[in-house]
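Asks: Below you will find the structure I want to go over with you.
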């Protein structure tokens, strides 16, 4: 590692500069599992989605499921 001042390389309390570096693993897996179940897309495709795209498709998948459930409830 290049020589950096200690305060830049190692932050107090173990936090790193730059905010969120990764998406919460459990949340990512929940979203991917839901999309896989509803849309039947392969895992590689789902994991390659950028967060905004995944959020868009999650909203779409929720609409599909909600509409299907509403149709089942109609007499």
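Residue numbers (this note's numbering): 123 to 197. Where a beta carbon is used, it is the ideal one built from N, C-alpha and C, also for glycine.
Once the 5 residues before and after residue 163 are set aside, which same chain residues still bring their CB inside 7 Å of it?
Replies: Within the chain shown, residue 163 is the residue found at index 41, counting from 1. Once the five neighbours on either side are set aside, the close Cβ partners of residue 163 are 157.
Asks: Classify residue 190 as helix, strand or coil using the three-state DSSP reduction.
Replies: Here residue 190 refers to the residue found at position 68 when the chain shown is read from its first residue. Three-state result, residue 190: helix.
Asks: Helix, strand or coil for residue 195, going by three-state DSSP, please let me know.
Replies: By 1-based counting over the chain shown, the position of residue 195 is 73. Residue state, collapsed to three classes: helix.
Asks: Quick one: is residue 153 buried, meaning 16 or more other Cβ sit within 10 Å of its Cβ, or exposed?
Replies: In the chain shown, counting from the first residue as 1, residue 153 sits at position 31. Classification of residue 153: buried, given that the 10 Å Cβ count is 16 or more.
Asks: Out of 150, 190, 171 and 166, which one is the CA nearest neighbour of residue 160?
Replies: Mapped onto the chain shown, residue 160 falls at position 38. The shortest C-alpha separation from residue 160 is found at 190.
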